[in-house]
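Engineer:
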Amino acid sequence: MEDRVFTTMTAEDRERAALTPDDYAAAGVEAPNWRDDPIPSLETWRMWQAAQDKALAFKRAKKRAELT
251 MEDRVFTTMT AEDRERAALT PDDYAAAGVE APNWRDDPIP SLETWRMWQA
301 AQDKALAFKR AKKRAELT
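Heads up, the sequence shown is in our numbering, so the first residue is 251 and it goes up one at a time.
Structure, rendered in structure tokens:
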């Protein structure tokens, strides 16, 4: 079943799933803590989503800079 879920993910979903704690640290944001808060409040989830957006944008910008 897990394989089916992964194949329905978009390219961006896979990029987000591949973010590491180091990616979050490089972007200067705190990584989501699913282990200690498996069912976060809506506000916590929004903060985590914003952190994920920043980490992903930073990783993409870094990759573009390395290509030029």
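Note that the Cβ used here is the ideal one computed from N, Cα and C, for glycine as well.
Is it buried or exposed for Gln299, if we count other Cβ within 10 angstroms and need 16 for buried?
Structural biologist: With fewer than 16 other Cβ atoms within 10 Å, it is exposed.
Engineer: Note down the Cα distance separating Lys309 from Glu280, rounded to an integer number of angstroms.
Structural biologist: If I take the Cα positions, the gap works out to 15 Å.
Engineer: Output the distance between the C-alpha atoms of Arg266 and Lys304, rounded to the nearest integer angstrom.
Structural biologist: Looking at the two C-alpha atoms, the distance is approximately 11 Å.
Engineer: Tell me whether Glu280 sits in a helix, a strand or coil according to DSSP, three-state version.
Structural biologist: The answer is coil: DSSP assigns Glu280 none of H, G, I, E or B.
Engineer: Using 10 angstroms around the beta-carbon of Ala268, count the other beta-carbons present and answer buried if the total reaches 16, otherwise exposed.
Structural biologist: The residue is exposed, with fewer than 16 neighbouring Cβ atoms inside 10 Å.
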